[in-house]
Structures are given as structure tokens and as C-alpha cells.
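There are 2 protein chains.
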Amino acid sequence: MAEEFTASPLFERVERARRRKTKIKDTHITLAHGSGGKAMHELVEGLFLEYLKNPLLEMMEDQAVFEVGSTRLAFTTDSFVVDPIFFPGGDIGHLAVNGTVNDLAMSGARPLYLSAGFIIEEGFAVEDLKRILHSMRAAATEAGVQIVTGDTKVVEKGSADKVFINTAGIGIIEWPAQISATRASTGDKVILSGTIGDHGTTIMIARGELETEIQSDTAPLNRLVEGMLEEAASVASVDAIHCLRDPTRGGVATTLNEIALASEVCIQIYENRFPVREEVHGACEILGLDPLYVANEGKLVAIVAEEIAEPLLARMKKSRYGHNACIIGEVKAEPEGIVAMQTAFGGARIVDMLAGEQLPRIC
Amino acid sequence: MAEEFTASPLFERVERARRRKTKIKDTHITLAHGSGGKAMHELVEGLFLEYLKNPLLEMMEDQAVFEVGSTRLAFTTDSFVVDPIFFPGGDIGHLAVNGTVNDLAMSGARPLYLSAGFIIEEGFAVEDLKRILHSMRAAATEAGVQIVTGDTKVVEKGSADKVFINTAGIGIIEWPAQISATRASTGDKVILSGTIGDHGTTIMIARGELETEIQSDTAPLNRLVEGMLEEAASVASVDAIHCLRDPTRGGVATTLNEIALASEVCIQIYENRFPVREEVHGACEILGLDPLYVANEGKLVAIVAEEIAEPLLARMKKSRYGHNACIIGEVKAEPEGIVAMQTAFGGARIVDMLAGEQLPRIC
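Protein chains in written order, with my numbering: chain A, 3 to 365; chain B, 3 to 365.
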């Protein structure tokens with residue numbers, strides 16, 4: 003009754019990726035393993051995939067897509083350990099709902115139901131828990147999802163830091179979309195839905211003394227994606243939307259690298275096309291961060307057939323969370339697995355995946 | 003397209019329960035709020051339900067049941083923070099898979115897909131992670147489920163204790179079963195699938211100096227439940243299975259209290275019918291524990307129509323995880339919301355829900 007959703011060209015690429023065996027060399031887990039970058043990919047591919055392997059997990063998407071009965075579903079999970087738990091523009095509760103809503107939306111799914119698992123440190127203030135629940139309710143209402151099942155664990159003081167929240171989510175894929183990181187093709191356009199670096203910079207600043215106006219961009223992107231699917235269907239076909247990802251940990255640079263590797267293409271981007279808020283730019287300079295590697299919590303990267311790029315962009319600009327959308331690059335055949343950036347000064351450089359650890363507990 | 007599965011008599015009882023407003027009086031979270039007992043019910047009903055309310059969450063079952071397309075699905079989550087992470091009979095990996103498999107099975111669902119979210123403390127040994135993943139794979143294989151999506155977070159040393167694992171799961175309900183804690187009816191029989199107290203006692207002993215042969219009972223119960231549904235269908239109807247719950251935190255006493263309250267009935271049990279391993283009995287005496295309140299991780303309580311009780315019991319006894327099954331009591335009309343026990347000495351006493359905290363981080 004339950005069958006995996008299979009699409010053979012995707013599986014061929016996944017097969018090839020599987021043969022590129024990653025090994026984990028470290029003997030102990032470091033913060034870099036949670037960074038979203040290279041070390042995390044080693045951990046996931048070298049260990050988690052190795053032990054738990056099955057065709058759905060091996061797709062290495064941010065959500066699993068399968069059929070139950072004759073319905074295509076998406077299923078995803080994320081744990082949130084952000085520090086501090088309250089920050090300008092949101093809190094751990096917003097992140098926990100929006101993060102899972104967005105992972106579902108990136109498959110073209112309409113998010114329906116969420117679970118919520120709380121791990122709470124003994125002594126945590128009930129008032130703070132109320133504030134978090136208030137945010138979760140607000141975020142769920144905005145996204146149109148319901149939190150339908152949950153779990154609470156309490157650990158002794160010192161065995162966890164305040165509160166960690168896991169959400170998992172189920173969505174239904176109603177469009178005949180085949181969205182996957184393996185589908186970027188030569189000639190495709192790369193669209194970014196808005197400014198980069200807002201969330202990660204906010205968290206870094208919230209940990210220190212700096213005072214700014216920067217806020218996290220935490221937001222549900224499901225309605226933006228719904229509009230994109232509608233537009234693609236009306237201009238050509240939903241199938242013209244090839245890849246969708248939300249560039250969280252590791253930032254846009256890491257997300258584009260994941261796609262370039264999975265699709266075996268080169269992604270060419272242009273530095274001067276990236277929208278970065280002035281305050282974020284300034285804060286990143288002071289903090290020594292590159293906005294390309296800084297986490298976002300309300301942005302997406304779309305790789306789409308050239309023919310739909312302009313109408314899609316126009317549609318995105320009308321949406322609440324897409325009005326700064328822009329085309330930041332295109333897909334080339336070679337060199338495979340590479341993200342190349344034309345710099346503001348006219349030079350060219352390779353943009354690698356995040357190496358090491360940039361910001362622990364960013365989400 | 004997605005509609006809640008509604009059954010009006012259940013909803014009436016849920017409505018009544020909702021009117022019995024629980025308030026949380028504490029200003030800070032204590033270990034008791036994670037115990038599975040009274041304080042946890044206050045936290046969940048007084049806070050989580052209050053903020054996140056929706057008809058599915060308000061069912062207060064261990065899983066949400068809803069229709070997507072024309073398919074009935076169950077969805078559940080649990081976080082695991084057990085200490086120690088390795089113990090006789092299993093580890094946190096086994097628990098994380100079996101716990102979610104069992105919560106799905108208790109709705110009559112066939113578990114299909116699991117998610118896994120890891121929160122790892124910096125410095126955790128990769129070898130230990132491998133051992134855990136090995137267990138998760140073994141447990142998933144035995145239960146016939148796949149772990150299809152996951153997430154990894156790493157927190158600084160001292161911000162979590164070794165590793166916490168969240169699993170969420172999706173199952174499909176193929177039988178026309180209407181299993182709910184609200185459906186216990188006068189005349190029903192109460193069946194327990196085996197010995198009690200094995201898991202909780204094992205964990206307590208693993209933390210101390212005592213040496214015994216006791217092992218955790220961690221096990222997947224989905225095939226046991228499948229057999230029960232088949233048997234019920236052949237004798238009468240699957241509808242004759244009224245309630246199914248796995249008595250984890252808070253033990254059998256707490257589970258029976260939840261059912262007595264939700265169904266507005268009295269559950270009458272007999273002390274001398276409870277199977278307790280001799281070693282568990284001895285350890286509980288030394289540790290000052292009552293096995294009725296000690297967590298189980300591979301047992302279920304079933305409340306079923308009298309007509310199917312004996313054939314169901316016979317069928318359960320043939321199953322790997324049901325061969326010590328026995329009838330431990332029956333359902334009476336009054337006094338409502340009460341669990342009454344006839345003691346081994348012929349007296350009678352009320353068995354309350356677990357109050358305070360018995361064993362933190364038992365699962």
C-alpha cells in the first residue's frame with residue numbers, strides 16, 4: 003500500500019552519489035558536525051546513511067517524499083537548539099514551526115500537521131514556556147498548520163540548556179511536481195527569494211553587546227511556494243521548478259554547493275546581485291562573517307527552467323516573503339559540482355561549502 | 003482534502019474533559035513535569051493544550067489520527083533522554099525506534115516511516131553513536147519500518163547530556179478500528195501483555211551499584227497488535243478492541259487512570275494477577291518502588307469487549323511479546339474515573355495516578 007515515489011533519473015544520480023563513499027574520520031563529535039557544512043555532510047553520509055540506509059533517506063533531501071494509498075506525502079523533522087531562545091524577530095518557537103513548514107514546502111507540499119517534542123531543563127520558567135507556545139501558535143496559524151501530537155521530557159538542571167524543541171511535519175503534495183536537488187540543468191536560472199544573512203547575524207548579535215536594528219527573517223514560505231507552483235503551472239508546467247531549498251545552516255553558499263554536487267552541474271552566481279541589508283553587511287564585516295555562509299530562516303533558493311524565470315520572479319515579488327526576490331545566477335554544465343562566483347570587482351572565485359564551524363546553535 | 007477523523011461519542015467525552023479546566027500552578031518546570039504522572043498532565047492540559055488547541059490534540063491520545071485523501075493515518079512523536087544511554091536489554095536507539103513504533107501501533111496503525119532528530123553534546127564518541135545507529139537499524143528492521151528523514155544538531159559541551167533522540171512516525175490504519183482511551187465500557191476486560199516494571203527497574207539499577215539479571219523489555223509491539231486486530235476481526239469485529247495503550251512513564255497505574263478518566267468508568271484490577279518477574283519484585287522492594295508505577299517499554303494494556311477477551315488472550319500468548327499476557331481486571335460503571343485494586347490480602351484500595359517524580363530520564 004505504501005510505495006516510495008520513484009523517478010529514475012533522480013535515482014541514477016543518487017546511485018552515483020552513493021558510490022562516492024564518504025567516511026567519517028573524527029573519533030568525537032565536534033560543533034562543526036552540527037554546522038550544516040562539510041563536517042556535517044561527512045557525519046550524515048559517512049555514518050547515518052551507512053547505518054540507516056534506504057532509498058528515501060539516500061535521496062538526501064530535506065524531506066522524504068512517498069506515496070501512501072494514492073496520496074503523495076512529504077515528511078520531515080528538525081530539532082531546534084538556538085541560543086538565545088528569544089531574539090529580535092522571533093524565538094525558538096517560531097523557528098520550530100517555520101523550519102518544518104519550510105522543509106515541507108521545499109518539496110512542493112502543502113504542510114498539514116506538525117508534531118512537537120520538548121526537552122526542558124529543570125527550573126525553566128513557565129512564563130518563558132508560555133511565550134514560546136504563544137509564538138508556536140502564531141506561527142502555526144500563519145502557516146495554516148496544526149500541531150496535533152507532542153511529547154515533553156524534563157532533564158535535571160545542567161543536563162540541557164533551557165529548552166530544545168523538535169518538530170516533525172507531514173504535508174500533501176497535490177501538484178505533479180518533481181522537485182529535487184538533483185534536477186538542476188544547464189541553462190536553468192537561480193532565484194533567491196530575498197536578503198541573505200538576517201537570521202544568523204541576528205543570533206550572533208543577540209549573543210554579544212552590539213546593538214542594531216537587525217531582525218531574524220524567520221517566516222513560513224509555504225504560501226510563497228504555492229504561488230510559485232501556480233505560476234509555473236500557468237506559464238509552462240510545475241515540472242519547470244527543478245530545485246527548491248531553504249538556505250539555513252551553512253547559508254546560500256552551502257545550499258548551492260549541495261545542489262551543484264547532487265545535480266553534477268556548475269552553478270554560476272554574481273556577487274553584486276545578492277540582496278544584503280546594509281545593517282547585516284555592516285555587522286558581518288565587524289563579526290568577520292561572509293553573508294553567503296550565514297543562516298537564513300525565511301528564504302528560499304529556486305532553480306528553474308529559464309522560460310519560467312521572469313514570470314516566476316514577478317509572481318514572487320508580489321508575495322509577502324518574496325518582494326526582494328532576484329535572479330542571482332544560472333546553471334552551467336561545467337565544472338561539475340562547483341559553485342563559481344563572479345565578484346563585484348569582476349574577478350571569479352570558487353565558493354566552497356562551509357568548512358569548520360561558523361555559528362553553533364544558530365537554529 | 004485533509005479532514006480530521008471524527009467520531010461523535012468520543013468528541014462528547016473530549017468536550018466534557020475540556021471543560022474540566024486544568025491550571026498549571028508552578029512557576030518553574032520541575033522533574034515531576036516530565037514524570038508521566040499528575041504534574042505532567044497539568045503541564046500538558048493546562049499549558050500545551052491551552053495554547054495549541056485543536057480537535058486532534060485535544061483527543062489527548064498518544065498519537066493523532068486523521069485522514070489524508072481517503073487514507074487514515076496515525077502520526078506521533080517522542081523524545082528520548084534516557085540515562086544511561088546504554089543499559090541491559092537495549093539502549094537509547096532501541097527505545098527511540100520502539101517507542102514511536104508502539105505509539106503508532108496503539109491506534110491500530112501499521113507503522114511505516116520514522117524520522118530521527120539527534121541532539122548531540124560536543125565531544126560525544128563516534129563509536130557510541132555507531133552503536134546507537136546499529137540499534138536503531140536493528141529495531142527498525144524488526145518492526146518493519148524505515149527511518150526516512152533526519153536532523154542533527156550539536157551543542158557545546160555541558161549544554162546537553164551526551165545524546166537526545168527524537169523520533170516521529172507515520173502509520174497507516176488499514177482496519178476500521180476506533181481505538182481510543184475514551185472507549186472503555188462497563189463489562190470490558192482489561193488485558194496486560196506481560197510482566198511489569200522491567201524497563202524502569204533496569205534503568206534504576208543501571209544507575210547504581212546493584213547487580214541483577216534484569217533487562218529492559220524494550221520491544222516493538224506492532225506485530226502483536228496486528229495479530230490482535232486479526233483475531234478480533236475473526237471472532238467479532240476490530241471494533242471490539244476499545245482501548246490500547248503502552249504503559250511507559252508512570253507505569254500501568256497511570257495508564258489505567260488516564261483511561262478511567264477519559265472513559266468516565268471505574269477500572270477494577272486484581273493485584274495477584276499482575277505478572278512481575280521475581281528479580282523485578284525484589285529490586286523494587288530494595289529501591290522502594292511500586293512496579294505498578296514503573297515504566298515499561300514493550301508492554302501494552304488492552305481494554306476489550308468481554309466476548310473477545312479469551313480468544314484475544316489466547317492469540318496474544320502465541321506472540322513473541324505477548325506470551326505472559328493475562329486478564330488483570332474489568333471495567334465497572336462506578337465510581338467514575340477511578341482505578342480500584344483488590345489487594346493480594348483481599349482488601350481494596352484506590353490506585354491513583356503517579357504523583358510527583360519517580361524516575362527522571364527513564365526513557
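Note that CB positions come from ideal geometry on N, CA and C, so glycine has one too. These figures come from a predicted structure and were not determined experimentally.
Distance cutoff 8 Å, beta carbons only. Does residue 220 of chain B sit that close to anything in chain A? If you number the second sequence from 1, residue 220 of chain B lands on position 218. Chain A contact via Cβ: absent.
Identify, in the order they occur along the chain, each residue of the same chain with its Cβ nearer than 8 Å to the Cβ of residue 240 of chain B, setting aside the five sequence neighbours on each side. Locating residue 240 of chain B in the second sequence gives position 238, where the first residue counts as 1. Answer for residue 240 of chain B: 110, 177, 178, 179, 231, 234, listed in chain order.
- prompt: Among B:297, B:26, B:157, B:171, which one has its Cα closest to the Cα of residue 128 of chain A?
  reply: For the purposes of this step, residue 128 of chain A is taken as the residue at position 126 of the first sequence. Closest by alpha carbon: B:26.
**OP:** Report yes if the C-beta distance between residue 116 of chain B and residue 171 of chain B is below 8 Å; otherwise report no.
**Re:** As a first step, residue 116 of chain B is located in the second sequence; it is residue number 114 there, counting from the start. As a first step, residue 171 of chain B is located in the second sequence; it is residue number 169 there, counting from the start. Cβ atoms of residue 116 of chain B and residue 171 of chain B: closer than 8 Å.
| message | Going residue by residue through the stretch 66-136 of chain B, where are the continuous beta strand (DSSP E) segments of at least 3 residues, counting only ones entirely within it? | response | 66-70, 73-82, 112-123
Fill in: chain A contacts from the stretch 130-148 of chain B (Cβ-Cβ distance under 8 Å)
131, 132, 135, 136, 138, 139, 142, 148
- Query: Using the C-alpha atoms, what's the distance from residue 97 of chain A back to residue 143 of chain A?
  - Reply: Here residue 143 of chain A corresponds to residue number 141 of the first sequence, with the count starting at 1. Here residue 97 of chain A corresponds to residue number 95 of the first sequence, with the count starting at 1. If I take the Cα positions, the gap works out to 14 Å.
- With burial defined as no fewer than 16 other Cβ atoms inside 10 Å of the residue's Cβ, what is the status of residue 347 of chain B: buried or exposed? Locating residue 347 of chain B in the second sequence gives position 345, counting from the first residue. Burial call: exposed.
On the three-state DSSP scale, how would you describe residue 165 of chain A? The residue you call residue 165 of chain A lines up with position 163 of the first sequence. Correct three-state label for residue 165 of chain A: strand.
- Answer yes or no: do residue 203 of chain A and residue 285 of chain A have a C-beta to C-beta separation smaller than 8 Å? Within the first sequence, the letter at position 201 stands for residue 203 of chain A. Within the first sequence, the letter at position 283 stands for residue 285 of chain A. Contact: yes.
Item checked: Cβ distance (whole Å) where residue 327 of chain A is taken to contact residue 227 of chain A below 8 Å -> Looking up residue 327 of chain A in the first sequence gives position 325. Looking up residue 227 of chain A in the first sequence gives position 225. Not a contact, Cβ separation roughly 12 Å.
Practice item. Tell me where the beta strand (DSSP E) around residue 203 of chain A begins and ends. Key: Within the first sequence, numbered from 1, the residue matching residue 203 of chain A stands at position 201. Careful: residue 203 of chain A lies outside any beta strand (DSSP E), inside the alpha helix (DSSP H) at 200-209.
For this session: In the DSSP assignment, find the alpha helix (DSSP H) that holds residue 286 of chain A and state where it starts and stops.
Result: Your numbering for residue 286 of chain A matches position 284 in the first sequence. Element bounds for residue 286 of chain A: 280-289.
Quiz prompt | For residue 205 of chain B and residue 33 of chain B, the rounded distance between their alpha carbons | solution = As a working mapping, residue 33 of chain B is identified with position 31 in the second sequence. As a working mapping, residue 205 of chain B is identified with position 203 in the second sequence. Looking at the two C-alpha atoms, the distance is approximately 16 Å.
Open item on the list: Less than 6 Å between C-beta atoms, sequence neighbours within five positions excluded: which residues of the same chain meet that for residue 321 of chain B?
Closed with: In the second sequence, residue 321 of chain B corresponds to position 319, counting from 1. Excluding sequence neighbours, residue 321 of chain B sits near 226, 229.
Cβ neighbours of residue 82 of chain A in the same chain (closer than 7 Å, five flanking residues each side left out): Translated into positions along the first sequence, residue 82 of chain A becomes position 80. These residues qualify, in order along the chain: 94, 97, 98, 101, 166, 167, 365.
Where residue 352 of chain B falls: helix, strand or coil (DSSP) = Residue mapping note: residue 352 of chain B aligns to position 350 of the second sequence, counting from 1. If DSSP states are grouped into helix, strand and coil, residue 352 of chain B belongs with the strands.
Margin query: Using a Cβ-Cβ cutoff of 7 Å, what residues of the stretch 158-170 of chain B are near chain A? List them in chain order.
Written below: 158, 161, 162, 163, 166, 168, 170
Looking at residue 262 of chain B: is its Cβ nearer than 8 Å to the Cβ of residue 339 of chain B?
The sequence position of residue 262 of chain B within the second sequence is 260, counting from 1. The sequence position of residue 339 of chain B within the second sequence is 337, counting from 1. Going by C-beta atoms, residue 262 of chain B is nearer than 8 Å to residue 339 of chain B.
* To do: Would you kindly work out how many angstroms separate the C-alpha atoms of residue 289 of chain A and residue 324 of chain A, rounded to a whole number?
  => Numbered from 1 along the first sequence, position 287 holds the residue referred to as residue 289 of chain A. Numbered from 1 along the first sequence, position 322 holds the residue referred to as residue 324 of chain A. For residue 289 of chain A and residue 324 of chain A, the distance between alpha carbons rounds to 27 Å.
| residue 330 of chain B beta carbon less than 8 Å from that of residue 341 of chain B | Within the second sequence, the letter at position 339 stands for residue 341 of chain B. Within the second sequence, the letter at position 328 stands for residue 330 of chain B. Taking 8 Å as the Cβ cut-off, residue 341 of chain B and residue 330 of chain B do not qualify as a contacting pair.
Point to revise | Buried versus exposed call for residue 244 of chain B [16 or more other C-beta atoms within 10 Å across all chains shown] | key: For the purposes of this step, residue 244 of chain B is identified with residue 242 of the second sequence, where counting begins at 1. Counting Cβ neighbours within 10 Å, residue 244 of chain B comes out buried, since at least 16 surround it.
Measuring straight from C-alpha to C-alpha, what distance separates residue 269 of chain A and residue 295 of chain A? Reading the first sequence from its first residue, position 267 is the one you call residue 269 of chain A. Reading the first sequence from its first residue, position 293 is the one you call residue 295 of chain A. One C-alpha to the other measures close to 16 Å.
Cβ-based burial, residue 30 of chain A [other Cβ within 10 Å; buried from 16]: The residue labelled residue 30 of chain A in the question sits at position 28 within the first sequence. That one is exposed.
So, is residue 28 of chain B buried or exposed, given that buried needs 16 or more other C-beta atoms within 10 angstroms? On the second sequence, position 26 is the one that residue 28 of chain B refers to. Exposed is the call here.
Note to self: Please tell me whether residue 3 of chain A has its Cβ less than 8 Å away from any Cβ of chain B.
What the structure shows: Within the first sequence, the letter at position 1 stands for residue 3 of chain A. With a pLDDT of only 36 at residue 3 of chain A, under 50, the local geometry of the prediction cannot be trusted, and the value read off the model is given with reservation. With 8 Å as the cut-off, residue 3 of chain A counts as an interface residue toward chain B.
- Query: Can a CB atom of chain A be found closer than 8 Å to the CB of residue 289 of chain B?
  - Reply: Along the second sequence, one-based indexing puts residue 289 of chain B at 287. Cβ-Cβ to chain A under 8 Å: no for residue 289 of chain B.
Does residue 124 of chain A come within less than 8 Å of chain B when only Cβ atoms are used? For this step, residue 124 of chain A is matched to residue 122 along the first sequence. Closer than 8 Å: yes.
beta-carbon residue 152 of chain A near the ligand ZN non-hydrogen atom, thresh 7 Å | Among the components modelled here there is no ligand, and therefore nothing to report on the ligand ZN.
Beta-carbon separation (whole angstroms), residue 247 of chain B vs residue 183 of chain B, contact threshold 8 Å | The residue given as residue 247 of chain B occupies position 245 in the second sequence. The residue given as residue 183 of chain B occupies position 181 in the second sequence. The pair is a contact, with the Cβ atoms about 7 Å apart (cut-off 8 Å).
* To do: Taking only the alpha-carbon atoms, compute the straight-line gap between residue 238 of chain A and residue 318 of chain A and give it to the nearest angstrom.
  => Start at 1 with the first residue of the first sequence, and residue 238 of chain A comes out as number 236. Start at 1 with the first residue of the first sequence, and residue 318 of chain A comes out as number 316. Rounded to the nearest angstrom, the two C-alpha atoms are 16 Å apart.
If you draw a straight line from the alpha carbon of residue 287 of chain A to that of residue 35 of chain A, how long is it in whole angstroms? Here residue 287 of chain A refers to the residue found at position 285 when the first sequence is read from its first residue. Here residue 35 of chain A refers to the residue found at position 33 when the first sequence is read from its first residue. So the two alpha carbons sit approximately 25 Å from each other.
Among B:112, B:258, B:137, the one whose alpha carbon lies nearest that of residue 191 of chain B
Position 189 of the second sequence, counting from 1, holds the residue named residue 191 of chain B. For residue 191 of chain B, the nearest C-alpha among the options comes from B:258.
Which of helix, strand or coil does DSSP assign to residue 244 of chain A?
Along the first sequence, read from residue 1 onward, the residue named residue 244 of chain A stands at position 242. Of the three classes helix, strand and coil, the one that applies to residue 244 of chain A here is strand, per DSSP.
Residues that residue 319 of chain B contacts on chain D, provided the C-beta gap is smaller than 7 Å
No chain D appears in the structure shown, which is made up of the protein chains A and B.
- Message: Taking the alpha helix (DSSP H) that residue 342 of chain A belongs to, which residues open and close that run?
- Response: The residue you call residue 342 of chain A lines up with position 340 of the first sequence. Run containing residue 342 of chain A: none in the alpha helix (DSSP H); it sits in the beta strand (DSSP E), 340-344.
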